[in-house]
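In order, the protein sequence lines correspond to chains F and V. Start counting the first sequence at 2; every next residue gets the next number (the working numbering). Start counting the second sequence at -3; every next residue gets the next number (the working numbering).
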Amino acid sequence: MSKPSDLVQGTLDLLLLKLLALEPLNGWAISLRLKQVSGDILQVSDGSLYPALHKLEHQGWVKAEWRTTESNRRAKYYSLTRLGRAQLAKETANWDRLSAAISGVVRLNQV
Amino acid sequence: MSLLNWLYTIPLRTRALFQRSRVEQDLEDEFQFHLAQRTEANIAHGMSLNDARLEALSALDRISLRKEECRDMRGLNFIENLLQDLRYAVRVLRKSPVFTAVAVLSLALGIGANTAIFSVMDVLLLRPIPVMQPSGLRLITLSRKTGPRVSFNYPMFELVRDRNRVFTQTFAWTTVNFQTPQANDMLLIPGALASGDYFAGLGVPPQLGRVYGREDDQALGGKNGPVGVISDGLWTRRYGRSPSVIGQAIILNAVPITIIGVMPRGFFGAEVGTAPDIWVPLNLQRQLMDSRCIGSSDCWYLITMGRLNPGLSVEQAAAQLQSISRGVMEDSHPPTRADRKAAFLAQVIQTESGEAGFTGLRRRIRGPLEVLMGLVGFVLLIACANMANLLTARASARQKEVAVRLAMGASRPRVIRQFLTESVLLSIVGAAVGFLIAIGATRVLIALLSTTDTPVVLDLNPDWRILLFTAAAAMGTGLLFGLAPSIRATRAGLGAALKERAHQIQGSARAASFGFTRLLLALQVALSIVLLAAAGLLAGSLVRLLTESPGFDPHNITVVSVDTSKLREKGPALIELYGRMIERARTFPGVESASLMSTTPLTNSGWDNTITIPGRTDISEEERDTNINAVAPRLLETMKVPLLAGRDFTDADTAESGKVAILSETAARKWFPNGAVGADMGLQGSTVRIVGIMRDTKYLNLRDRMQPTLYVPFTQWSQGGFIAIRTAAPLRQTYAMFREMLREVAPGAPIRTIRTMEQQVDESLSTERLTAYLSLFFAALALMLTAIGLYGILAYSVTRRTNEIGVRMALGAQRSDVIWLVIRQAMGQTAFGAAAGIAVVIASSRLIASLLYGVRPNDPAMMIAAVAALALVCAGAAWIPARRATRLDPVVALREE
């Protein structure tokens, strides 16, 4: 699987879990939301989004169902499972530790 | 991933596996939805419809690849791909039925032949016998200079049994035929005389009743009298599986035996190849067989086994047995003559594994079987090389398909896997067909091994070893010979496919890419030469043996053996009875003459002894050893052995008259260079007057050189023997007449065996025939496979060179030039392989030297014949593609591009 080069390994999973924790979304909506919330800083190509979503689905962290959109199209909506919430908590904690550690190092360099 | 996650996603996985088209449609829909949304968004931003769509597509960055990534996420892709590959493989193979048929058939023949030979080897040499913990059984043998002796006499068996401290049970047996009355007739049933600990040692409980033990193994039986245990087969045939069989009596050799147990189905004891119907205690032998072998040290007839004490290692057992050996030898009547005594006393009691049981066949066919296994292995290699060649040719033809698949985003391992699926599928189908072939072929093999004297009854049910063997052969060939072509096919990759056109004109580049195929072809040719040479040598030996004159005329002779053991007549009365039988046989219609001999020739059994020559001390004892046959008058006439000097025996040569003998030419020349007739010699303490000299005859078998042979009157040395009848009447008629005559002359004496001398000669060569026929068959198979391989390569190469041939013809090449072009390619490829094959033959032909007769292992004529046969077949295989090349119309050929 090709990975977006500007995303820290594994963070795409975290972002997707976080977005889906707020509300069920389809793939297209997720791509829009990603752009919105990160203000174009996190570039996730449309192509790499779907394999990531399918991976989460097959790990049992998200589940999918087909619904009709406002524009009356059939779309696959992803939502978080119970296991997914646990995973999100775990990855958030991981992320906090990691980012704290990295910021620490970065600040150290600035001194 | 944790188990919980796995459980959680089971419905998802099941769906992915079994509702594949639904899941695929969902995947497609999902991407289409995304495309539609993005296109809409783009249009809203002011793009044209076309641009909007293109932008959306490029944002997804190769949809098919993304889809494949999504599929990979299912984690089931392996199984799914396999199913997909299988479906595809079946489709591809069905589309080219000729290729598939050739590949499957050559593999089936290769695997089938291998499995058949392996089955026989398995059953005779490898398979553990169906008894309790067979690995604990040891076959007890005596060490001798000429190799271990497997047979024991009774006193020695008792000594070993009572003095060893390494076996929990020591037991011995011999297989015999018993007479039993059935519907006013005498029937012979196969049985075994087995010592008291036999059943305890083998540890197989009866399915009904009980087995006998030491207490029953006495001369007149134990407290229950003579008892016996019968086989499941006899129980079914004779007693209809009735439980009331226990306690019933069965008459064996006129002695009533109480049946006390029925062994389970499949039990045959410890002697592979036999199928006794009844087991009786060994000590009943005197009563049953009227034999003095119990207590005599002259009968070497018992096969002895022991069950090793579980606490002991084989080495410990060997040490203890060695330590008792000397005492056992000293106490079992060693021969009196000094040199023989020393050799006798030096014998050491040894053991070998009894796990696979004992079989007399083992010694006879181990050598041939090993050679055949080697040859048949070559056939499989050739078949595999063929398959690799076919696959390579196909892979090259499918280069474009491969290129397209690679361009579409398929990974190289994925394409290789697809190719491997095809080759493994081919080999599995080949193996399945081969397995069916093997089941039939094994039966034929066993039938070829059976003779009248030693019928071979084997458990032919394929066991796990054979299944494993076939499966391994199939997977091995599929993977091994599918891998190389597929790697080659995918290595070429995109560029090569585009350059394919260029390749067709660049001869050198093509040659390089075909190196692998050529190497395989050379291998096939080399192996074929080896097989042809081996087959030629073995068949040559058989022909030499078949045309070898035994010294007598084997045509139109019937040999009858009568079981007289239960008759009241003994000694002179029996001699007289045999005289009457011969007399009556002479009166049968169509009978030219009839006589008797104590040893029937070419059965590898007989009587030999050392004679003494008065006044000659210069001839060593070994040189005075002679084959002896006790015969009736007119045997020479019956066998058509020319009498060279003196006279034949007459009815006047009786037990009371002076002892006489007829010498063979060789013996007379060796011992009495100054004239034998009228001379005296010593035989077993008697003085014998030589009255005649006859032409040499073969005695034990056809392979032996002519050895000194001595005929003596049966009236002076024996009480009976085989009745030889010279008649043109068919066997069936002679049998009927003889039986009728026996009812009158000797009621109660059944015919033991009856067959023609020709059958006997044939049977004496059964192993040689088996080896020769099979090696010829394998060689033919090898030739056929090689021809197919060569044809395939040439046909393919002609197709690829259509363009080149067109150019050549347009430039003025003659048809003969074109034919030469193709034939030259064929010959070049054959010659290298043939040279390699001859080198292998020269280096290895000594391996089969022991199986040969009358031909030298490195017979140049045989090699030339092998190469000639191969060249002929290869030329034939090359002819068809060569002809096709000449039929090319240059214009059409050039336009084909």
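Beta carbons: idealized from backbone N, C-alpha and C, even for Gly.
Min CB distance residue i to chain F below 9 Å
| i | result |
| --- | --- |
| residue 525/V | no |
| residue 39/V | no |
| residue 9/V | yes |
| residue 410/V | no |
| residue 391/V | no |
| residue 59/V | yes |
| residue 48/V | no |
| residue 437/V | no |
| residue 886/V | no |
| residue 406/V | no |
| residue 52/V | yes |
Cβ-Cβ separation, residue j to residue i (assumed contact under 8 Å), whole Å
| i | j | result |
| --- | --- | --- |
| residue 205/V | residue 257/V | 4 Å |
| residue 250/V | residue 562/V | 5 Å |
| residue 583/V | residue 605/V | About 35 Å separates the two Cβ atoms, so there is no contact after all. |
| residue 742/V | residue 859/V | Incorrect: roughly 58 Å between the Cβ atoms, too far for contact. |
| residue 592/V | residue 719/V | 5 Å |
| residue 284/V | residue 558/V | Between residue 558/V and residue 284/V the Cβ distance is about 18 Å, and since that is not below 8 Å, they are no contact. |
| residue 375/V | residue 806/V | No, residue 375/V and residue 806/V are not in contact; Cβ-Cβ is about 44 Å, not under 8 Å. |
| residue 764/V | residue 538/V | 5 Å |
| residue 635/V | residue 710/V | About 14 Å; that fails the 8 Å criterion. |
Three-state class that DSSP yields for residue i in the structure shown
| i | result |
| --- | --- |
| residue 78/F | strand |
| residue 64/F | strand |
| residue 9/V | helix |
| residue 277/V | strand |
| residue 231/V | helix |
| residue 773/V | helix |
| residue 715/V | coil |
| residue 849/V | coil |
| residue 128/V | coil |
| residue 134/V | strand |
| residue 509/V | Its pLDDT being 47, under 50, residue 509/V is placed unreliably in this model, and the coordinates cannot settle the point. |
| residue 382/V | helix |
| residue 312/V | helix |
| residue 45/F | coil |
| residue 603/V | strand |
| residue 320/V | helix |
| residue 354/V | strand |
| residue 290/V | coil |
| residue 418/V | helix |
| residue 588/V | strand |
| residue 793/V | helix |
Neighbour flag for residue i against chain V, beta carbons, 9 Å
| i | result |
| --- | --- |
| residue 27/F | yes |
| residue 68/F | no |
| residue 140/F | Examination of residue 140/F is not possible in this model, given that chain F is present from 2 through 112 alone. |
| residue 58/F | yes |
| residue 80/F | no |
| residue 32/F | yes |
Closer than 8 Å at the beta carbon, the chain V residues around residue i
| i | result |
| --- | --- |
| residue 77/F | 22, 25, 26, 29 |
| residue 19/F | Correct list: empty, because the minimum Cβ distance to chain V is about 19 Å. |
Neighbour list for residue i in chain F, Cβ cutoff strictly below 7 Å
| i | result |
| --- | --- |
| residue 56/V | 47, 48 |
| residue 33/V | 29 |
| residue 62/V | 48, 51, 52 |
Neighbouring residues, chain V, relative to residue i (Cβ below 9 Å)
| i | result |
| --- | --- |
| residue 98/F | Going along chain V, no residue has its Cβ under 9 Å from residue 98/F, so there is no contact; the nearest lies around 22 Å. |
| residue 141/F | Summary: the structure shown does not reach residue 141/F, with chain F confined to residues 2 through 112, and so no result is reported for it. |
Interface residues of chain F facing residue i [CB-CB closer than 8 Å]
| i | result |
| --- | --- |
| residue 899/V | Residue 899/V lies beyond the residue range present for chain V, which begins at -3 and ends at 893; the question has no answer from this structure. |
Cβ-heavy atom distance, residue i to the ligand FAD, below 8 Å
| i | result |
| --- | --- |
| residue 50/V | In the structure on display, the ligand FAD does not appear, and there are no ligands present to speak of. |
At 4 residues or longer, and completely inside the region 140 to 206 of chain V: list those alpha helix (DSSP H) runs for me, N to C.
150 to 159, 194 to 198
Going residue by residue through the region 33 to 91 of chain V, where are the continuous alpha helix (DSSP H) segments of at least 4 residues, counting only ones entirely within it?
45 to 56, 59 to 69, 73 to 91
Quick check for students: name the residue ranges of the alpha helix (DSSP H) that lie wholly in the region 659 to 742 of chain V, counting only runs of 4 or more.
661 to 667, 710 to 713, 727 to 741
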